[in-house]
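Sequences listed follow chains A and B, in order.
Counting with numbering that gives the first Met the number 0, you get residues 0 to 270 for the letters of the first sequence.
Counting with numbering that gives the first Met the number 0, you get residues 0 to 61 for the letters of the second sequence.
Quick reminder that beta carbons are idealized off the backbone N, C-alpha and C, glycines included.
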Amino acid sequence: MSDLYAVTTAGGCHFQSHPSCGYPAPGIEEFYFKPAFRIAGFGFTKPILIMLLSAVIVLFVFYMAFRKPKMVPRGIQNVGELGILAVRDQILRPQLGSKGDRYLPFLVSLFFFIWLMNLWELIPVAQFPATSKFAFPLGLTLVVWVTYIFIGMKHQGPIGYFKNMAVPSGAPWWILPLLSPIELLSNIIVRPFTLSIRLFANMLSGHLLLLVFSIAAWYLFSATIGLLFAAVSFIVFLLVFVLEVLITLLQAFIFTTLTAFYISDALEPTH
Amino acid sequence: MPREGTGWSIVSYIVGGMLLYGGIGWLVGRWTHIEALTGVGIVLGIGLSLALIIFRFTRPSR
């Protein structure tokens, strides 16, 4: 928890309660945490704890679901099958078709891991999405990047893959020297970069929005006209909260869908 | 039928074109001391990316 909460809550700082008591606007410092302890100089912070918890929960739920699978699923196995079928039918099949089923475990774990890391944003006490720290989306993207380049080299051969990646289809030969650098750059650098920035920026802005309106509701709560504004602020906070429920799911969905799309591009050239 | 990733591919082409030719323009501009070349490069990059998108996605290629 940052100093900002301490100032606003413990200090009892409200609208017009004190001349020097301004709105404590949340900033980028909300995304930096003091390490709880250090392991060989490496600080263990709240986002790391959230990430580890997410991984453990995903592992535990799917392990419990398929520990003793039955023909007629009961209890938690229903939940596990529902999750896997949702990823298969909504994300994998539209992009890869049934031949891509061997990538299902990868996509399922990716989807639920990201979704859970996003969801911590909405859970009281935790209330922080690990994916709003750029290192987490970047690390996930690195995994995806290595995976799709490896699959591409395996299925099209190293030279064939890079040839397909550099030569756009349908373009006349004389313009190729100008266009193939763009194609290569967008496939190798822009793609992974946008993939990580999309997730990171969405979660960061969502967290900031929630902070702005929740702190405003607290700050404006006083026996003045501010009470009215506090009520409005709280309603907006609730609306943003509902929106964020959707966005946590949507961002995990988009990340996984694009991963499936990149894999399908690596399996067979679009040309 | 276009697949779901097509829209994002188009975005990454435009960003890629801007970065590449904007970067080349910036380098040449530094060398020749003509600062406007960065802008020229960015516009040229967008134009070339649009050409690439048209070639790639509007003509039947399969």
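Nearest neighbour of residue i, chosen from the options [CA to CA]
i: ALA125 of chain A; options: A:SER53, A:GLN76, A:PHE135; result: A:SER53
i: MET17 of chain B; options: B:THR31, B:VAL39, B:TRP30, B:GLU34; result: B:VAL39
i: ALA129 of chain A; options: A:GLY225, A:LEU48, A:VAL86, A:SER232; result: A:LEU48
i: GLY79 of chain A; options: A:THR140, A:PHE233, A:PHE111, A:PHE105; result: A:PHE111
i: TYR160 of chain A; options: A:PRO176, A:VAL241, A:MET152; result: A:MET152
i: VAL244 of chain A; options: A:THR146, A:ILE187, A:TYR261, A:LEU121; result: A:LEU121
i: PRO25 of chain A; options: A:ILE214, A:LEU266, A:PHE240; result: A:ILE214
i: SER11 of chain B; options: A:HIS206, A:ILE234, A:THR193; result: A:THR193
i: PHE105 of chain A; options: A:PHE254, A:GLU267, A:PRO268; result: A:PHE254
i: PHE56 of chain B; options: A:ILE113, A:PRO18, A:LEU178, A:PRO167; result: A:PRO167
i: VAL179 of chain A; options: A:PRO191, A:MET164, A:THR258; result: Contrary to the premise, residue 179 of chain A reads as Ser rather than Val in this sequence. Ranking A:PRO191, A:MET164, A:THR258 by Cα distance to SER179 of chain A puts A:MET164 first.
i: LEU237 of chain A; options: A:VAL211, A:GLU267, A:GLY169, A:TYR261; result: A:VAL211
Sheet register partners of residue i (DSSP bridge)
i: PHE43 of chain A; result: A:PHE36
Per-residue burial, residue i [other beta carbons within 10 Å of its own, 16 or more giving buried]
i: THR37 of chain B; result: buried
i: LYS67 of chain A; result: exposed
i: MET116 of chain A; result: buried
i: LEU51 of chain B; result: buried
i: GLU29 of chain A; result: buried
i: GLY6 of chain B; result: exposed
i: PHE61 of chain A; result: buried
i: THR140 of chain A; result: buried
i: SER60 of chain B; result: With a pLDDT of only 48 at SER60 of chain B, under the threshold of 50, the placement of this residue in the model should not be trusted; the figure read from the coordinates follows. Classification of SER60 of chain B: exposed, given that the 10 Å Cβ count is below 16.
i: SER204 of chain A; result: exposed
i: ARG190 of chain A; result: buried
CB contact below 7 Å: residue i versus chain A
i: LEU43 of chain B; result: no
i: VAL29 of chain B; result: Inspection of the sequence shows that residue 29 of chain B is occupied by Arg rather than by Val. No, no contact with chain A.
i: LEU19 of chain B; result: yes
i: GLY15 of chain B; result: yes
i: GLY4 of chain B; result: yes
i: LEU26 of chain B; result: no
i: LEU36 of chain B; result: no
i: LEU51 of chain B; result: yes
Residue-chain proximity (residue i, chain B), Cβ-Cβ < 7 Å
i: GLY74 of chain A; result: no
i: GLY169 of chain A; result: yes
i: PRO191 of chain A; result: no
i: ILE181 of chain A; result: yes
i: LEU257 of chain A; result: yes
i: LEU177 of chain A; result: yes
i: PHE135 of chain A; result: no
i: PHE260 of chain A; result: yes
Test: residue i CB closer than 7 Å to a CB of chain C
i: SER185 of chain A; result: Among the chains of the structure shown, chain C does not appear; the protein chains present are A and B.
Span of the alpha helix (DSSP H), counted from its first residue to its last, around residue i
i: LYS162 of chain A; result: 157-165
i: ARG197 of chain A; result: 190-219
i: GLY99 of chain A; result: Segment: none, GLY99 of chain A is in no alpha helix (DSSP H) and carries neither H nor E.
i: ARG55 of chain B; result: 36-57
i: ALA230 of chain A; result: 225-266
i: GLY6 of chain B; result: 5-31
i: ARG87 of chain A; result: Taken as a continuous stretch (DSSP letters only), ARG87 of chain A belongs to no alpha helix (DSSP H), as it is neither H nor E.
i: ILE181 of chain A; result: 175-184
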